[in-house]
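J.: Quick one: the structure is below, and I'll ask about it shortly.
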Amino acid sequence: MAPTEPHDCTTISNTVLSVRPWGRPMTEIRAGDDLPLKTTLAVYGAGLFSNSISNMMNIVVPLWALALDPTPLTLGLILGARSFLPLLLAIHGGALMDRIGTRRVLLFFGLVAIITTPLYPAMPFIPALIALQMLNGLAATMGWVGAQTLIGQVMRGSTRHSGRLSFASRIGSFGGPPAVGVIWDLFGPWPCFALLTLPGIAMWWAAQILPPDAPILQESGATGLRLRDLLPRPSDYVEAFRMLALPAVAFVVLMAAVRISGNGIKSSFYIVYLNEIGMTGTLIGILASANSLTGSFSALATRAATRIMRAPILLFVTVALSVVLIAITPMFTTFVVLLLVTATRGVTMGMSQPLMISIMSKSSGSRQGHAVGLRTTTNRLIGVVVPIGMGALMQGVGIELAFYITGAVLMLMLVPALSTMRRAGLVRGG
4 MAPTEPHDCT TISNTVLSVR PWGRPMTEIR AGDDLPLKTT LAVYGAGLFS
54 NSISNMMNIV VPLWALALDP TPLTLGLILG ARSFLPLLLA IHGGALMDRI
104 GTRRVLLFFG LVAIITTPLY PAMPFIPALI ALQMLNGLAA TMGWVGAQTL
154 IGQVMRGSTR HSGRLSFASR IGSFGGPPAV GVIWDLFGPW PCFALLTLPG
204 IAMWWAAQIL PPDAPILQES GATGLRLRDL LPRPSDYVEA FRMLALPAVA
254 FVVLMAAVRI SGNGIKSSFY IVYLNEIGMT GTLIGILASA NSLTGSFSAL
304 ATRAATRIMR APILLFVTVA LSVVLIAITP MFTTFVVLLL VTATRGVTMG
354 MSQPLMISIM SKSSGSRQGH AVGLRTTTNR LIGVVVPIGM GALMQGVGIE
404 LAFYITGAVL MLMLVPALST MRRAGLVRGG
């Protein structure tokens, strides 16, 4: 295994949770021990397939919702519903991963993804669509939370492994969006949603090949799984939010909020805008794939980039650029220009993701699931607010001004993030 990388923030203990040898429970090992290839691939697979669910759903669901003829505000509610349950339960899910094991949680939510996906065209009603969005969004989110938690538990928050996870999650989205776009154009919603069950099956399978869990934090001497272990605990939420007192954690949460806001635009009214200017489902899928492809390779270059620019500064710069590049979308109507813009934005998104995972995990000690849940909760709050807010703006001032106003608000949100970074000494590494 490669030597320990220099940390850009408070480091965790040199003991981490991992699996050796294959087939034995996750137990505590010393940094530097090797990981079985199957375990590594299973972690990457969980991230790949959970992210694929979201990326492909973000193409198909807006098109399906438009077929139901909602108002702009209702459309925003439908698209934002994907973040409702993750907003409430991400911290609980992360705490469960710390308490009963990540594999168990991933197996359950893999089944939820498999069951809910084919129900979309079977229930062509707006209330049903909102309910399915909540459940399917929770399943995909928990899959991604699990993959990130394993990076901290198993891989010590390594920037290298974070980059590879980001690469896997994005390269898996390269072929999916064009495929669902073509199938939507040629065959309609039923075959499209049938295809979307495949990443759910693959996410469940990736969790299945992980070794058995050993509960990481067992507060009592009991070894069996009890019902109360599965229920939300107020103390988990208190403990997670207390982590905001850690400067590096607060900085990453702020940056994640801004970053995911841009993605909230991309997964909602960006698709609506492209549809309005006459882009077919196939072309929309190609644009999404270009974003994923460039993001995949930039994620692999992240570790090298941190040798030139400190990780927190690089995170700030890439997030700021990603906001600008999504906010200027209405300036362009030609496919080639939109392709170049979204490909460039993919570079910034691909590089910022492993930076967030690495900085956060190195600051979180044994509470890896809590930390990922905290960041995910913030992300999902934004995921609810941005589509609904943009829907209201679009209804009042039109889609073009809605893009510009939202972009300006997001740039203002970077001011407290910059202040936090400076106070934490992350600029100079103090």
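Residues in the sequence shown are numbered consecutively from 4, following this note's numbering.
Beta carbons are placed, not taken as given, at the ideal position from N, Cα and C, and that holds for glycine.
Everything numeric in this text was worked out from a predicted model, so none of it was measured.
1) Report the start-end ranges of each alpha helix (DSSP H) in the segment 30-70 that is 4 residues or longer and not cut off at the edges.
2) Quick check on Lys365: does DSSP put it in helix, strand or coil?
3) Can you tell me the Cα-Cα spacing of Ala434 and Leu290, whole angstroms?
4) For Ala142 versus Ala116, is the C-beta distance shorter than 8 Å?
5) Spatial neighbours of Ile280 within its chain, please: CB distance less than 6 Å, with the 5 preceding and 5 following residues excluded, ordered by chain position.
6) What first and last residue would you give for the alpha helix (DSSP H) that runs through Thr120?
7) If you drop the 5 nearest sequence neighbours on each side, which residues of the same chain put their C-beta closer than 8 Å to that of Asp126?
8) Would you call the segment 236-250 in contact with the segment 296-315, where contact means no fewer than 3 C-beta pairs closer than 8 Å?
9) Are the CB atoms of Thr144 and Arg383 within a distance shorter than 8 Å?
10) If you draw a straight line from the alpha carbon of Leu413 to that of Ser422, how long is it in whole angstroms?
11) Which word fits Thr18, buried or exposed, when buried means at least 16 other C-beta atoms lie within 10 angstroms of its C-beta?
12) Distance check for Gly184 and Trp193, CA to CA, integer angstroms please.
13) Buried or exposed: where does Pro214 fall if 16 or more other Cβ atoms within 10 Å of its Cβ makes it buried?
14) How should Val418 be labelled, buried or exposed, when 16 other C-beta atoms within 10 angstroms of its C-beta is the threshold for buried?
15) Leaving out the 5 sequence neighbours to the left and right, which residues in its chain are closer than 7 Å to Ile408 when beta-carbon positions are compared?
16) Assess contact between the segment 354-365 and the segment 47-60, defined as three or more Cβ pairs (one per stretch) separated by less than 8 Å. Is contact present?
17) Using only the alpha-carbon positions, how far apart do Thr120 and Ala259 sit?
18) Name the two residues that bound the continuous alpha helix (DSSP H) containing Phe406.
19) Is Arg245 buried or exposed, if buried means 16 or more other CB atoms sit within 10 Å of its CB?
20) Where does Gly191 land, buried or exposed, given buried means 16+ other C-beta within 10 angstroms?
21) On the CB-based measure, 16 or more other CB atoms within 10 Å of its CB, does Ala49 come out buried or exposed?
22) Compute the beta-carbon to beta-carbon distance between Ile268 and Ile329, rounded to the nearest angstrom, for a pair I have assumed lies under 8 Å.
23) Alpha carbon to alpha carbon, how far is Pro333 from Phe406?
24) If you check the beta carbons only, do Val148 and Val388 fall under 8 Å apart?
25) List the whole-angstrom C-beta distance separating Ala346 from Asn294, where the pair is believed to meet the contact cut-off of C-beta under 8 Å.
26) Quick check: Ser271 and Pro75, are their CB atoms within less than 8 Å of each other?
27) Pick helix, strand or coil for Phe300, following the three-state DSSP scheme.
28) Exposed or buried, Arg173, counting other C-beta atoms within 10 Å across all chains shown (16 or more means buried)?
29) Candidates Val255, Ile402 and Gly284: which alpha carbon is nearest Ile362's?
30) Can you find the residues in the same chain that come closer than 8 Å, C-beta to C-beta, to Met416, ignoring five residues on each side of it along the sequence?
31) Can you list, in chain order, the residues of its chain whose CB lies under 8 Å from that of Val327, leaving out five sequence neighbours each side?
32) Hey, how far is the Cα of Gly401 from the Cα of Thr152?
T.: If we stick to the structure as given:
1) Counting only runs of 4 or more residues that sit fully inside the segment 30-70, the alpha helix (DSSP H) segments are 40-70, in chain order.
2) In the sequence shown, residue 365 corresponds to position 362, counting from 1. Lys365 falls in the coil class under three-state DSSP.
3) Since the first and last residues shown for the chain are 4 and 433, residue 434 lies out of range.
4) One-based indexing of the sequence shown puts residue 142 at position 139. One-based indexing of the sequence shown puts residue 116 at position 113. Yes, the pair counts as a contact, with Cβ atoms nearer than the cut-off.
5) Locating residue 280 in the sequence shown gives position 277, where the first residue counts as 1. Closer than 6 Å at the Cβ level, and outside the excluded window around Ile280, lie Thr336.
6) Numbered from 1 along the sequence shown, position 117 holds the residue referred to as residue 120. Unbroken run through Thr120: none, as it is neither H nor E.
7) Taking the sequence shown and counting its residues from 1, one reaches residue 126 at position 123. It should be pointed out that residue 126 corresponds to Met in this sequence rather than to Asp. Around Met126: Leu132 and Leu135.
8) no
9) For the purposes of this step, residue 383 is taken as the residue at position 380 of the sequence shown. For the purposes of this step, residue 144 is taken as the residue at position 141 of the sequence shown. Yes, the pair counts as a contact, with Cβ atoms nearer than the cut-off.
10) On the sequence shown, position 410 is the one that residue 413 refers to. On the sequence shown, position 419 is the one that residue 422 refers to. In a straight line, the C-alpha of Leu413 is about 15 Å away from that of Ser422.
11) For the purposes of this step, residue 18 is taken as the residue at position 15 of the sequence shown. Because Thr18 sits at a pLDDT of 33, beneath the cut-off of 50, its placement in the model cannot be relied upon, and the following sentence gives the value as read from the coordinates. The residue is exposed, with fewer than 16 neighbouring Cβ atoms inside 10 Å.
12) Your numbering for residue 193 matches position 190 in the sequence shown. Your numbering for residue 184 matches position 181 in the sequence shown. Rounded to whole angstroms, Trp193 to Gly184 spans 13 Å at the Cα level.
13) Looking up residue 214 in the sequence shown gives position 211. Buried.
14) Within the sequence shown, numbered from 1, the residue matching residue 418 stands at position 415. That one is exposed.
15) To locate residue 408, count along the sequence shown from 1; it is residue 405. Only Leu396 meet the Cβ criterion.
16) no
17) Position 117 of the sequence shown, counting from 1, holds the residue named residue 120. Position 256 of the sequence shown, counting from 1, holds the residue named residue 259. Cα to Cα, the separation comes out at about 27 Å.
18) For the purposes of this step, residue 406 is identified with residue 403 of the sequence shown, where counting begins at 1. From DSSP, the alpha helix (DSSP H) with Phe406 extends over Ile402 to Arg426.
19) Counted from its first residue, the sequence shown places residue 245 at position 242. It counts as exposed.
20) Position 188 of the sequence shown holds residue 191. The C-beta of Gly191 has fewer than 16 other C-beta atoms within 10 Å across all chains shown, which makes the residue exposed.
21) The residue given as residue 49 occupies position 46 in the sequence shown. It counts as buried.
22) Sequence index remark: in the sequence shown, residue 268 carries index 265 (1-based). Sequence index remark: in the sequence shown, residue 329 carries index 326 (1-based). Confirmed, about 5 Å.
23) Locating residue 333 in the sequence shown gives position 330, where the first residue counts as 1. Locating residue 406 in the sequence shown gives position 403, where the first residue counts as 1. The alpha-carbon atoms of Pro333 and Phe406 are separated by roughly 7 Å.
24) Stepping through the sequence shown from its first residue, residue 148 is reached at position 145. Stepping through the sequence shown from its first residue, residue 388 is reached at position 385. Between Val148 and Val388, the C-beta spacing is not below 8 Å.
25) Taking the sequence shown and counting its residues from 1, one reaches residue 346 at position 343. Taking the sequence shown and counting its residues from 1, one reaches residue 294 at position 291. Contact annotation, Ala346 with Asn294: C-beta distance approximately 7 Å; criterion of less than 8 Å satisfied.
26) The count along the sequence shown starts at 1 and reaches residue 271 at position 268. The count along the sequence shown starts at 1 and reaches residue 75 at position 72. Taking 8 Å as the Cβ cut-off, Ser271 and Pro75 do not qualify as a contacting pair.
27) Position 297 of the sequence shown, counting from 1, holds the residue named residue 300. DSSP places Phe300 in helix when its eight states are reduced to three.
28) Residue numbering aside, residue 173 sits at position 170 when the sequence shown is read from its first letter. Burial call: buried.
29) Stepping through the sequence shown from its first residue, residue 362 is reached at position 359. Among Val255, Ile402 and Gly284, the Cα nearest to that of Ile362 belongs to Val255.
30) Position 413 of the sequence shown, counted from the first residue, corresponds to residue 416. So the list reads Leu257, Ala260, Val261 and Ser264, once near-sequence residues are dropped.
31) Mapped onto the sequence shown, residue 327 falls at position 324. The answer, listed in chain order, is Gly410 and Met414.
32) Against the sequence shown, residue 401 aligns to sequence position 398. Against the sequence shown, residue 152 aligns to sequence position 149. Each residue's alpha carbon lies about 40 Å from the other.
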